[in-house]
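In the UniProt record's numbering, the protein residues as written are 1 to 188.
Virtual Cβ for every residue (Gly too), placed ideally from N, Cα, C.
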Amino acid sequence: MSQGVPDSLVPWVGRAQEGDPAAFEHLVTRLNGPLRSFARGVLGHWAEAEDAVQEAWLRIWRRLPHLKDRAAFTGWAYSITRNVCLDRIRSRDRLKADSLDAQVLELAAPEDAQPEEQTERRLELERAWSRVAALPLAQREAFLLVAVHGLSYRDAALAMGSTETTLRGRLARARAALTTDPGEEATP
């Protein structure tokens, strides 16, 4: 079982493969939020992520009968979502590193926090997401899949179309970049 999605989805995948729309709806309900969040991290915008995930679910539904390993559904769904996101990135000139949407910033501090504390937490969150957004795409994907979404190395590697070894290297480089103080200058 991957950390992010329990084995309990396997029977739902089987029922969905047999054409049960309620089973597919259950899968959508369970994974839609994580896939949207992942797409948001890759694409940089909530609205574009919403569109990408809708497109991914259409692809998943069409290709579901061809999935051989039901236990691999989660990594497979992330892989399809990733491919939709990459198609969108390729279609635009460059990835824009915009600041986070107000919707995300609202999550930064509890409602009962003082205004100064809310502002500081929002700024910290924006700085953190800006650093994640500045990572090379492969490192950003690896970080989002494993550290943010809790996928196992196996499922994350499947989603990225790479080996676990490649994934681990990308994740290590991402973590190193994120833990380095942005004010420090690199030494030769």
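Using the rule of at least 16 other Cβ atoms within 10 Å of the residue's Cβ for burial, across every protein chain shown, is residue i buried or exposed?
i	result
residue 98	For residue 98, the predicted structure reports a pLDDT of 41, less than 50, and the residue's modelled location is therefore unreliable. The matter cannot be settled from this model.
residue 56	buried
residue 123	exposed
residue 52	buried
residue 75	buried
residue 77	buried
residue 165	exposed
residue 87	exposed
residue 20	exposed
In its own chain, which residues sit with a C-beta less than 6 angstroms from the C-beta of residue i, not counting the 5 before and 5 after it?
i	result
residue 170	138, 139, 142
residue 40	46, 49
residue 65	17
residue 144	38, 41
residue 102	Legend: pLDDT at residue 102 = 45, less than 50; position of this residue unreliable, no value from coordinates given.
Could you tell me the alpha carbon to alpha carbon distance between residue i and residue j, rounded to whole angstroms?
i	j	result
residue 35	residue 176	25 angstroms
residue 174	residue 44	17 angstroms
residue 17	residue 115	50 angstroms
residue 31	residue 42	17 angstroms
residue 9	residue 85	24 angstroms
residue 61	residue 28	10 angstroms
residue 146	residue 59	23 angstroms
residue 150	residue 91	29 angstroms
residue 180	residue 158	28 angstroms
residue 26	residue 72	17 angstroms
residue 24	residue 120	41 angstroms
residue 82	residue 136	15 angstroms
residue 12	residue 70	9 angstroms
residue 54	residue 33	12 angstroms
residue 134	residue 117	26 angstroms
residue 80	residue 131	25 angstroms
residue 154	residue 148	15 angstroms
residue 22	residue 89	32 angstroms
residue 178	residue 172	10 angstroms
For residue i, collect the residues of the same chain with a Cβ closer than 7 angstroms to its Cβ; drop the 5 residues on either side in sequence, then sort them by chain order.
i	result
residue 163	157
residue 15	23
residue 167	142, 153, 156, 157, 160
In its own chain, which residues sit with a C-beta less than 8 angstroms from the C-beta of residue i, not counting the 5 before and 5 after it?
i	result
residue 67	13, 17, 73, 76
residue 63	80
* **Segments of 3+ residues assigned as beta strand (DSSP E) that fall wholly inside the segment 111 to 173** => With a minimum length of 3 residues, no continuous beta strand (DSSP E) run stays inside the segment 111 to 173.
* Scan the segment 13 to 46 and note each continuous alpha helix (DSSP H) run of 4 residues or more that stays entirely inside, going in chain order. => Qualifying alpha helix (DSSP H) stretches, in chain order: 21 to 43.
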